[in-house]
Amino acid sequence: GAGVSQSPSNKVTEKGKDVELRCDPISGHTALYWYRQSLGQGLEFLIYFQGNSAPDKSGLPSDRFSAERTGGSVSTLTIQRTQQEDSAVYLCASSYRGRDGYTFGSGTRLTVV
Amino acid sequence: AQSVTQLDSHVSVSEGTPVLLRCNYSSSYSPSLFWYVQHPNKGLQLLLKYTSAATLVKGINGFEAEFKKSETSFHLTKPSAHMSDAAEYFCVVIYYNQGGKLIFGQGTELSVKP
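Same order as they appear, the protein sequences are chains P and L. Here the first sequence stands for residues 1 to 113, numbered as in the working numbering. Here the second sequence stands for residues 114 to 227, numbered as in the working numbering.
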């Protein structure tokens, strides 16, 4: 597609439920990031995929968070047993060559009630 | 660890006056540097990028940034602010000796007064 697509755009879930967030990167982009942005906060790195290399998971805040990227394209971020502090906007970005810059999706706004 | 610092969390200017948003990065071998803008309730948009070509980089909406290696700076400027420039601005660096990871500054909120 023309841009990075994220779905859903908004998600409200009850505390303790699992959620799955999806990112469709630009076709051919080998690098993919997940970040989250909490109200009034900067961007927090979560996970980084680069081609077929093992992902950099160093930013995942707890073992309730996991992400995968199937076939080097679509990525899903899964949060198990959601907590209220998980409420944030989750952003995905992709790039063909990092030095060309990354294109960000519009994000998924997650609200845990 | 290498980092990027945006020196002002908030900048306020009057419409028609110059804008200066400051960014300093850790010294590193040939980093790539970017400025992104985020308008309220919107996604991040790439304003401009430096990738070791010309040190003065022109971006969209009249913004420019100059890469100064001696000062490890990449400040964002615009000669004349417009009301529509009010947004959050992020300086972003890729350090290739750190696996090519994107490193974000803390962000600068730009307010433009009429």
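Idealized CB from N, CA, C, for every residue including glycine.
Mapping the DSSP letters down to three states, classify residue i as helix, strand or coil.
i: P/GLN84; result: helix
i: P/LYS57; result: coil
i: L/LYS226; result: strand
i: P/THR76; result: strand
i: P/ASN10; result: strand
i: P/ASP100; result: helix
i: P/LYS15; result: coil
i: L/LYS155; result: coil
i: P/THR70; result: helix
i: L/GLU184; result: helix
i: P/ASP24; result: strand
i: L/SER197; result: helix
Tell me which same chain residues have a C-beta within less than 6 Å of the C-beta of residue i, skipping the five on either side of it?
i: L/LEU120; result: ARG135
i: L/PRO192; result: PRO131
i: L/PHE217; result: PHE203, VAL205
i: P/HIS29; result: SER94, SER95, TYR96
i: L/THR118; result: ASN137
Determine the chain A residues that contact residue i at a beta-carbon separation under 8 Å, and present them in chain order.
i: L/SER193; result: No chain A appears in the structure shown, which is made up of the protein chains P and L.
For residue i, collect the residues of the same chain with a Cβ closer than 7 Å to its Cβ; drop the 5 residues on either side in sequence, then sort them by chain order.
i: P/GLY16; result: ARG81, THR82
i: P/GLU14; result: VAL113
From residue i to residue j, what does the alpha carbon distance come to, in whole angstroms?
i: L/LEU215; j: P/ARG36; result: 13 Å
i: L/GLU179; j: L/HIS195; result: 21 Å
i: L/VAL170; j: L/LYS181; result: 11 Å
i: P/TRP43; j: L/GLY175; result: Per the sequence shown, residue 43 of chain P should be read as Leu rather than Trp. Looking at the two C-alpha atoms, the distance is approximately 25 Å.
i: P/LYS57; j: L/ALA166; result: 32 Å
i: P/ILE26; j: L/GLY129; result: 37 Å
Could you tell me whether the Cβ atoms of residue i and residue j are closer together than 9 Å?
i: P/VAL89; j: P/LEU110; result: yes
i: L/THR164; j: L/SER145; result: yes
i: L/LEU161; j: L/LEU189; result: yes
i: L/ILE173; j: L/GLN158; result: yes
i: P/VAL4; j: P/GLY105; result: yes
i: P/CYS92; j: P/GLY107; result: yes
Less than 8 Å between C-beta atoms, sequence neighbours within five positions excluded: which residues of the same chain meet that for residue i?
i: L/SER122; result: GLN219, GLY220, THR221, GLU222
Tell me which residues of the stretch 47-79 of chain P have at least one Cβ-Cβ distance to chain L shorter than 8 Å, keeping chain order.
TYR48, GLN50, ASP56
Please identify, using Cβ separations under 7 Å, the residues of the stretch 9-39 of chain P that lie next to chain L, in order along the chain.
TYR33
Where the stretch 76-109 of chain P meets chain L: residues whose CB sits under 8 Å from a CB there:
LEU91, ALA93, GLY98, ARG99, ASP100, GLY101, TYR102, THR103, PHE104, GLY105, SER106, GLY107
Against chain P, which members of the stretch 152-175 of chain L pass a CB distance test of less than 7 Å?
GLY156, LEU157, LEU159, LYS162, THR164
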